[in-house]
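S.K.: Can you read through this structure? Questions will come right after.
Numbering (this note's numbering), first residue to last: 204 to 395.
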């Protein structure tokens, strides 16, 4: 395994229906393109093992050969499916945290080298604040709505110096390259 294949990329975003402002086909195409871009670089993918647009990214990456780790809020597989109504087919490995949705978010974000956002609502906002506070490299796929498109406002109003770097791009490949370039430039001790 080469060094790049050990890089852990987290994808966060809308688990529910997208807003009417977003064309669902365009959003699904961007999500699939992001999944394929992750797979092309042989990166390890982490998600919240969830539904919606994050599922589309995870499934595309999984189908293209990426090892996909789903971080579940559930205590076990039964709860994952029965209580949370989450899928299992796009993940190679499910990690059951038993911490619920917000606790799962902390485990998920802290496990990533780079955290990417596509669309996103309140749960994604929670993940964004964790990632920023933890000094993570953050990428926002713009033109997808939600948190990914509101980062400028969030940073202008609420930013603090945490060491986080935030990149924005409407092109999944360019976004990933910018984030990976920043990761490569960080000292090993800076990678959190």
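Backbone N, C-alpha and C fix where the C-beta goes; we use that ideal spot for every residue, glycine too.
Please read all numbers here as calculations on a predicted model, not as lab measurements.
Does the region 326-345 come close enough to the region 290-309 that 3 or more CB-CB pairs lie under 8 Å?
M.R.: Yes, the region 290-309 is in contact with the region 326-345.
S.K.: Quick check on this structure: which residue in 258, 343, 293, 252 has the alpha carbon closest to the alpha carbon of residue 304?
M.R.: Per the Cα distances, 252.
S.K.: Which of the three DSSP states, helix, strand or coil, is assigned to residue 371?
M.R.: In this structure, residue 371 counts as strand in the three-state DSSP scheme.
S.K.: Which complete beta strand (DSSP E) runs does the region 290-335 hold, if anything under 3 residues is left out?
M.R.: List check, beta strand (DSSP E) in window: 296-299, 317-321.
S.K.: Per DSSP, what are the beta-bridge partners of residue 251 in this structure?
M.R.: Its beta-bridge partners do not exist; DSSP assigns none.
S.K.: With contact counted as at least three CB pairs below 8 Å, one residue from each stretch, are the region 241-258 and the region 269-278 in contact?
M.R.: Judged by Cβ distances under 8 Å, the region 241-258 makes contact with the region 269-278, as three or more pairs qualify.
S.K.: Measure the Cβ-Cβ separation of residue 314 and residue 209 and say whether it is below 8 Å.
M.R.: The answer is no: Cβ separation not under 8 Å.
S.K.: Start and end of the beta strand (DSSP E) containing residue 274?
M.R.: Run containing residue 274: 271-275, per the beta strand (DSSP E) assignment.
S.K.: Which residues in the same chain as residue 338 place their Cβ atom closer than 7 Å to its Cβ, once the five residues preceding and following it in sequence are excluded?
M.R.: These residues qualify, in order along the chain: 365, 366, 367, 395.
S.K.: Do the region 285-301 and the region 256-268 meet, that is, are 3 or more Cβ pairs less than 8 Å apart?
M.R.: Touching, yes.
S.K.: When the Cα of residue 321 is compared with those of 385, 245, 258, which residue comes out closest?
M.R.: Out of 385, 245, 258, 258 has the C-alpha closest to the C-alpha of residue 321.
S.K.: Between the beta-carbon of residue 312 and the beta-carbon of residue 213, is there less than 8 Å?
M.R.: Yes, the pair counts as a contact, with Cβ atoms nearer than the cut-off.
S.K.: Residue ranges of each alpha helix (DSSP H) run of no fewer than 4 residues wholly in the region 339-366, ordered along the chain?
M.R.: 349-352, 354-361, all fully within the region 339-366.
S.K.: Short of 6 Å in beta carbon distance, which residues of its chain neighbour residue 373, apart from the five on each side in sequence? Order them along the chain.
M.R.: Excluding residues within five positions, the ones whose Cβ falls inside 6 Å are 345, 346.
S.K.: By Cβ distance, which residues of its chain are closer than 8 Å to residue 204, with the 5 residues on each side in sequence left out?
M.R.: Interpretation of residue 204 is limited by its pLDDT of 41, a score under 50 that renders its predicted location unreliable; no figure is taken from the coordinates.
S.K.: Quick check: residue 267 and residue 244, are their CB atoms within less than 8 Å of each other?
M.R.: Result no, Cβ atoms of residue 267 and residue 244 do not sit closer than 8 Å.
S.K.: Determine the DSSP secondary structure at residue 241, reduced to helix, strand or coil.
M.R.: Residue state, collapsed to three classes: helix.
S.K.: Does residue 235 pass the burial test, meaning 16 or more other C-beta atoms within 10 Å, or should it be called exposed?
M.R.: When all chains shown are included, residue 235 counts as buried.
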